[in-house]
Amino acid sequence: MKKLADIKGIKKWVALLLTYAVVQLLVSLNIINDYIMATLTTICINIILAVSLNLITGFTGQFSLGHAGFMSIGAYTCAIIIMRYPSPVSFITGLFLGAIFAALLGFIVGLPTLRLRGDYLAIATLGMAEIIRIVFLNLDITNGAAGLFIEVQYTNWLWLFIFTTGTVILITNFINSSHGRACISIREDEIAAEAMGINTTKYKVIAFIIGAFCAGIAGALYASYFYFIKPDLFGFLKSIDILVIVVLGGLGSISGSILAAFLLALISSLLQSFPEIRMVIYAVLLIVIMLFRPQGIMGSKELSLSAFKSLGGIFERRNGGER
Amino acid sequence: MLEISNLNVHFGVIHALKGVSLKVEEGEIVTLIGANGAGKTTTLRTISGLKKPTSGTILFNGNDITSTLPQDRVRMGISLAPEGRRIFSSLTVLENLELGAYLRRDKAEIKKDIDMVYERFPILKARRKQAAGTLSGGEQQMLAIGRALMSRPKLLCLDEPSMGLAPLLVQEIFDIIQDINQKGTTILLVEQNANMALQIANRAYVMETGTITLSGPGAELMRSEEIKKAYLGG
Ligand SMILES: Nc1ncnc2c1ncn2[C@@H]1O[C@H](COP(=O)(O)OP(=O)(O)OP(=O)(O)O)[C@@H](O)[C@H]1O
Ligand SMILES: [Mg+2]
Numbered sequence: 031m032k033k034l035a036d037i038k039g040i041k042k043w044v045a046l047l048l049t050y051a052v053v054q055l056l057v058s059l060n061i062i063n064d065y066i067m068a069t070l071t072t073i074c075i076n077i078i079l080a081v082s083l084n085l086i087t088g089f090t091g092q093f094s095l096g097h098a099g100f101m102s103i104g105a106y107t108c109a110i111i112i113m114r115y116p117s118p119v120s121f122i123t124g125l126f127l128g129a130i131f132a133a134l135l136g137f138i139v140g141l142p143t144l145r146l147r148g149d150y151l152a153i154a155t156l157g158m159a160e161i162i163r164i165v166f167l168n169l170d171i172t173n174g175a176a177g178l179f180i181e182v183q184y185t186n187w188l189w190l191f192i193f194t195t196g197t198v199i200l201i202t203n204f205i206n207s208s209h210g211r212a213c214i215s216i217r218e219d220e221i222a223a224e225a226m227g228i229n230t231t232k233y234k235v236i237a238f239i240i241g242a243f244c245a246g247i248a249g250a251l252y253a254s255y256f257y258f259i260k261p262d263l264f265g266f267l268k269s270i271d272i273l274v275i276v277v278l279g280g281l282g283s284i285s286g287s288i289l290a291a292f293l294l295a296l297i298s299s300l301l302q303s304f305p306e307i308r309m310v311i312y313a314v315l316l317i318v319i320m321l322f323r324p325q326g327i328m329g330s331k332e333l334s335l336s337a338f339k340s341l342g343g344i345f346e347r348r349n350g351g352e353r
Numbered sequence: 021m022l023e024i025s026n027l028n029v030h031f032g033v034i035h036a037l038k039g040v041s042l043k044v045e046e047g048e049i050v051t052l053i054g055a056n057g058a059g060k061t062t063t064l065r066t067i068s069g070l071k072k073p074t075s076g077t078i079l080f081n082g083n084d085i086t087s088t089l090p091q092d093r094v095r096m097g098i099s100l101a102p103e104g105r106r107i108f109s110s111l112t113v114l115e116n117l118e119l120g121a122y123l124r125r126d127k128a129e130i131k132k133d134i135d136m137v138y139e140r141f142p143i144l145k146a147r148r149k150q151a152a153g154t155l156s157g158g159e160q161q162m163l164a165i166g167r168a169l170m171s172r173p174k175l176l177c178l179d180e181p182s183m184g185l186a187p188l189l190v191q192e193i194f195d196i197i198q199d200i201n202q203k204g205t206t207i208l209l210v211e212q213n214a215n216m217a218l219q220i221a222n223r224a225y226v227m228e229t230g231t232i233t234l235s236g237p238g239a240e241l242m243r244s245e246e247i248k249k250a251y252l253g254g
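Residue numbers (this note's numbering), protein chains in the order written: chain G, 31 to 353; chain L, 21 to 254.
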């Protein structure tokens, strides 16, 4: 068994490296042009955002509408640092500092607001993100509403790849650990979780800290790719965008979030040619998808090769179960 | 084993428990009966640490646990199968049982205890890979009890285990409770089904709007006119 798992692990790493190498090759051959690269960057950043929000909302069951707020902390921290000291080292420093600040905020906001449930928590997190936005609007160092122009670009395919796979691996491992199980039990039934001896406050705060940390990374990658950030980019609508990806992919499915990030990017680039009605079609598509699959593309299942193999088995069991 | 004295619990302005005192001795089955809203669930939640009392003390094996965290109470041997089962619906039966042993680190012993639960509830073994939410009401109740046993409790608190079950199943659940007790676990049983509860209980407490109004050996309370009128339908 152990050996088999090792082989599977090696296969996974090989597949990952191949993905990296192939894309890198296409980039250097200029088959992936600037436009495609920008889309790819958006997809990677959205994957980080969605997977990390999924930890908070999908797995731990804490309805958060403030993810863009955490993202903005990472974006501004990294931007300010690389504008002063433009170098790859300060980019990585800024990225991690931003992530740490975001995580810290996740902790500070987390503690008092986590006594709230459901809608109340959603409103509190929304308020938190609005406060951050207003602070950035009024600070000198962030240049207020005009925003910051970042003349250097450090985010490239290498860093995107590292941080996207890093986030996915980190959160997948967390979910599959006993800590992850504890988070899921909170989503399922908080009182029962507490009765089992699970420290529910601790796990809710941990989910917020990890989620905010990753959102901070996403923000930093954003700031150092798209040259320009302003507070309004990280408002309520951005948080909703992230939530849409999570819900569309399936609350509690990491592969669902990844799929949905790709799908939405695909849909919006296909719709580029109809600028007037783009948002309408986008919204209608979302409604249609949710009508036909209210649990999201993946539900709370994960995509894997063995899932395809056992698909037949599931059908058999379903039929058996209905009798 | 468990001694509660003069416990007062408030929900905002609602005074849910008004100076409740009760005792559970090692090896007993003690039942707590009373009408809807009397405060039975609140009593169990306060014992498990899910609800903080405004005043009063809770002693467990001689230790004051009034302000001990829920997880520490589970470690000390207090376990609760909460009202309404509250199983983790989208997790499998096996995962539910594993979560019952969440605080334990002795993997091999946990495995043994899972087998012990399967032996007691064979249907759970057959359904072990199934999402717990797809179980029938009775099966879910068995899972809730099994899950509560997974922490190896010294005191098992059961909140209305017979709720919503068919008479035959109620009988089965009560047999199981007696059996668990005979194997050495002390039981504090909250029930609406006073008749059945009094039959298996060593001692019983009757609760009305936040206070204990009567107490005594189960068999004795069964003969009491007051109880007959109020809870046994005649
Ligand atoms: N979370 C809460 N918030 C406010 N009031 C509560 C809360 N929980 C219980 N109460 C109140 O406390 C009192 C006791 O409730 P409790 O649930 O303990 O009754 P019970 O004896 O278990 O009733 P039942 O047999 O219906 O389960 C009730 O008046 C109830 O309305
Ligand atoms: Mg109750």
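Cβ atoms here follow ideal geometry from the backbone N, Cα and C, with glycine treated the same way. In this text the structure is predicted, and so the values were computed from the model without any measurement.
Straight-line CA distance for residue 249 of chain L to residue 138 of chain L?
-> 40 Å
Quick one, are the C-beta atoms of residue 134 of chain L and residue 117 of chain L less than 8 Å apart?
-> yes
Chain G contact for residue 184 of chain L (CB, 8 Å cutoff) | no
Taking residue 235 of chain G as the reference, give the member of G/58, G/63, G/94 with the closest Cα.
-> G/94
Going along the chain, which unbroken runs of the beta strand (DSSP E) with 3 or more residues stay wholly within the segment 193-237 of chain L?
-> 206-211, 223-228, 231-237
Kindly identify the DSSP beta-bridge partner or partners of residue 80 of chain L.
-> L/22, L/83
What are the residues that DSSP puts in a beta bridge with residue 34 of chain L?
-> L/31
Integer-rounded CB distance, given that residue 52 of chain L should sit under 8 Å from residue 63 of chain L = 6 Å
Interface residues of chain L facing residue 323 of chain G [CB-CB closer than 8 Å] = Those do not exist, as residue 323 of chain G stays about 17 Å from chain L at its closest Cβ, beyond 8 Å.
Select from the segment 239-263 of chain G all residues with a C-beta closer than 7 Å to any C-beta belonging to chain L, and list them in chain order.
-> none
Ligand 2: which residues have Cβ under 7 Å from any of its heavy atoms, chain order?
-> L/60, L/61, L/103, L/179, L/180, L/210
Please state whether DSSP places residue 43 of chain L in a helix, a strand or coil.
-> strand
Please determine if the segment 185-197 of chain G and the segment 54-73 of chain G are in contact, where contact requires at least 3 C-beta pairs separated by less than 8 Å.
-> yes
Between residue 31 of chain L and ligand 1, is the CB less than 7 Å from at least one heavy atom?
-> yes
Put residue 135 of chain L into one of helix, strand or coil per three-state DSSP.
-> helix
Residue from G/90, G/333, G/123 whose Cα sits closest to the Cα of residue 204 of chain G | G/90
Who are the Cβ neighbours of residue 349 of chain G in its own chain at under 7 Å, not counting the five residues just before and after it?
-> Confidence in residue 349 of chain G is poor, its pLDDT being 43 and thus under 50, which makes the residue's placement unreliable; the coordinate value appears in the next sentence. Excluding positions up to five away in sequence, the list is empty.
Quick one: what does DSSP say residue 101 of chain L is sitting in, helix, strand or coil?
-> strand
With 8 Å set as the bound, which would you pick, yes or no: does the beta-carbon of residue 332 of chain G sit closer than that to a beta-carbon of chain L?
-> no
Could you tell me which uninterrupted alpha helix (DSSP H) segments, each at least 4 residues in length, are contained entirely in the segment 199-238 of chain G, listed from first to last along the chain?
-> 208-218, 220-225
Whose Cβ in chain G lies nearer than 7 Å to the Cβ of residue 106 of chain L?
-> 219, 221, 222
What separation, rounded to the nearest whole angstrom, lies between the Cα atoms of residue 36 of chain G and residue 43 of chain G?
-> 11 Å
Along the segment 137-160 of chain G, what residues have a CB closer than 7 Å to any CB found in chain L?
-> none
Top-ranked residue by Cα proximity to residue 67 of chain G, from G/180, G/259, G/255 | G/255
Under three-state DSSP, which class holds residue 344 of chain G?
-> Confidence in residue 344 of chain G is poor, its pLDDT being 43 and thus under 50, which makes the residue's placement unreliable; the coordinate value appears in the next sentence. It is helical.
Under three-state DSSP, which class holds residue 182 of chain G?
-> coil
Nearest residue (CA-CA) to residue 184 of chain L, options L/211, L/219, L/224 | L/211
What distance in whole Å lies between the Cβ atoms of residue 112 of chain L and residue 145 of chain L, which are believed to be in contact at a cut-off of 8 Å?
-> With a Cβ gap of about 12 Å, residue 145 of chain L and residue 112 of chain L do not count as contacting.
Between the segment 81-103 of chain L and chain G, which residues of the former have a C-beta closer than 9 Å to a C-beta of the latter?
-> 89, 90, 91, 92, 93, 94, 95, 99, 100, 101, 102
Proximity test, residue 161 of chain L beta-carbon vs ligand 1 heavy atom, cut-off 7 Å | no
So what's residue 13 of chain L in DSSP terms, helix, strand or just coil?
-> Not covered by the structure: residue 13 of chain L. The range shown for chain L is 21 to 254.
So who's on the other strand from residue 303 of chain G, going by DSSP bridges?
-> None; residue 303 of chain G has no bridge partner.
Shorter than 8 Å from the beta carbon of residue 279 of chain G to some beta carbon of chain L?
-> no
How would you call residue 202 of chain L, buried or exposed, if buried means at least 16 neighbouring beta carbons within 10 angstroms?
-> exposed
Is residue 246 of chain L buried or exposed, if buried means 16 or more other CB atoms sit within 10 Å of its CB?
-> exposed
Taking all protein chains shown into account, do 16 or more other C-beta atoms lie within 10 angstroms of the C-beta of residue 213 of chain L, making it buried, or fewer, making it exposed?
-> buried
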